[in-house]
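Okay, structure first, notes after.
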Amino acid sequence: MTTKEIRPWQSKLLMRIVHGYFALARGMTMGVRAACFDSSGRIFLVRHSYIPGWHMPGGGLERNETAEEALIKELREEGNLRIIGRPQLFHVYFNASASRRDHVVFYRAEVEQTAPRKPDREIVECGFFALDGLPDGTTEATRRRLRELSGEEPAAHFW
Numbered sequence: 003m004t005t006k007e008i009r010p011w012q013s014k015l016l017m018r019i020v021h022g023y024f025a026l027a028r029g030m031t032m033g034v035r036a037a038c039f040d041s042s043g044r045i046f047l048v049r050h051s052y053i054p055g056w057h058m059p060g061g062g063l064e065r066n067e068t069a070e071e072a073l074i075k076e077l078r079e080e081g082n083l084r085i086i087g088r089p090q091l092f093h094v095y096f097n098a099s100a101s102r103r104d105h106v107v108f109y110r111a112e113v114e115q116t117a118p119r120k121p122d123r124e125i126v127e128c129g130f131f132a133l134d135g136l137p138d139g140t141t142e143a144t145r146r147r148l149r150e151l152s153g154e155e156p157a158a159h160f161w
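Heads up: the sequence shown begins at 3 in the numbering used here, then just goes up one per residue.
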């Protein structure tokens, strides 16, 4: 399946509209992301149709949903991933690049993929990658989170 990707300026406009809506509807936005590792120590990354680069899976919290519930839902939707054991909360970041009200709850999780994830309108590509073989286009925020997880850098306060 070939999916048309939107241009960076379209992505920025779309994200501003979405965050504007959520700011009005919710007052503060909160999302979850996770560094998801398989039994071989590889990390799972996704490439979205609406924003450039490779990212760790995640998404926004809905009303009456805990961060862990949102994480379980997003990992299932974005990668057919099932968490083994309990995810480990790593840090909470202020995501000023999204809005002045956005926070990201970041976890580390051991996962297994229950079935291959086929491309669709949201996720155009995904997969597990060795830490020393991340795909071209892996975002700097993703690389920074991995350095923080490994202890190479202290955890920042901003995503």
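The beta carbon of each residue, even a glycine, is placed where N, CA and C say it ideally should be.
Distance CB(residue i)-CB(residue j) smaller than 9 Å
i: Q115; j: R84; result: yes
i: D122; j: G33; result: no
i: R147; j: F108; result: yes
i: E7; j: Y52; result: yes
i: C200; j: M58; result: There is simply no residue 200 to check, as the chain begins at 3 and stops at 161 in what is shown.
i: P137; j: L77; result: no
i: W161; j: A100; result: yes
i: A69; j: Q90; result: no
i: G60; j: V106; result: yes
i: G139; j: P54; result: yes
For residue i, the residue or residues it bridges with in DSSP
i: E112; result: F39 and I86
i: I45; result: F39 and F131
i: W161; result: Note: W161 sits in no beta bridge, so no partner.
i: G33; result: G62 and V106
i: F96; result: H105 and F160
For residue i, the first and last residue of its enclosing beta strand (DSSP E)
i: G61; result: G60 to G62
Own chain, CB closer than 6 Å to residue i, minus 5 neighbours either side, in chain order
i: M3; result: Unreliable placement is indicated for M3, whose pLDDT of 47 sits below 50; the coordinate value is still reported in the next sentence. Excluding residues within five positions, the ones whose Cβ falls inside 6 Å are P121.
i: A157; result: H93 and E150
i: A132; result: R44
i: M30; result: R103
i: R119; result: G81, N82 and C128
Run of the alpha helix (DSSP H) containing residue i, from where it starts to where it stops
i: E76; result: A69 to G81
i: A143; result: E142 to S152
- Taking contact to mean at least 3 C-beta pairs separated by less than 8 Å, is the segment 70-80 in contact with the segment 30-44? Counting Cβ pairs under 8 Å, three or more are found: they touch.
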